[in-house]
Amino acid sequence: MVAIADSTVEHATGQLTLTQFRALRVVSERTPVTMSRVARELAMNPSTVTRACDRLTSLELLLRAPNPLNRRETLLAPTAKGRQLVGQVDENRTRVLAGVLDRLDDDVRASVLTAFADFARVATPDA
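Here you go:
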């Protein structure tokens, strides 16, 4: 699964690390969001997230703006290019995973899908 995640990010971008992409995904899903929230959601050191967001900003995938409610914070939002990239990676992952699942016997595929659904349910923080 990690290999699929890495390869789909690399295939779509050719220039992002998995950490950078994960930060872009969180920003895309939580817009607008603070840098500290991205760090918490990814369970990463804030300086690591800052470096990832610096790279995303330089690639014009991410926008930064001062938080009007707290000038010490910066709000992050994806650019149209950033949102498009997240969508492209999602499409690539869906296609790759569908190809893997298609090679399984029907019974095995059903078991795997059930296991994935169970895993996703218990892995969700609100579960």
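FYI, in the numbering used here the residues of the sequence shown are 1 to 127.
Just so it is clear, CB atoms sit at the ideal spot from N, CA and C, and this is done for glycine as well.
Measure the Cβ-Cβ separation of residue i and residue j and say whether it is below 8 Å.
i: Ala52; j: Asn45; result: no
i: Leu97; j: Leu61; result: no
i: Leu24; j: Gly82; result: yes
When the Cα atoms are used, what is the spatial distance from residue i to residue j?
i: Ala127; j: Leu16; result: For Ala127, the pLDDT reaches just 48, beneath the cut-off of 50, and the residue's location in the model is therefore unreliable, leaving the point undetermined.
i: Val112; j: Ala43; result: 28 Å
i: Thr48; j: Arg93; result: 25 Å
i: Arg109; j: Asp102; result: 8 Å
i: Phe119; j: Gln20; result: 25 Å
i: Asn70; j: Ser36; result: 13 Å
i: Ala115; j: Arg72; result: 44 Å
i: Arg55; j: Gly99; result: 32 Å
On the premise that residue j lies in contact with residue i, defined as a C-beta separation below 8 Å, what is that separation, rounded to the nearest angstrom?
i: Ala77; j: Thr31; result: 5 Å
i: Thr74; j: Asn67; result: 7 Å
Short of 7 Å in beta carbon distance, which residues of its chain neighbour residue i, apart from the five on each side in sequence? Order them along the chain.
i: Ser28; result: Pro78, Gly82, Arg83 and Val86
i: Thr124; result: none
Does DSSP classify residue i as helix, strand or coil?
i: Asn92; result: helix
i: Glu73; result: strand
i: Arg103; result: coil
i: Thr31; result: coil
i: Pro68; result: coil
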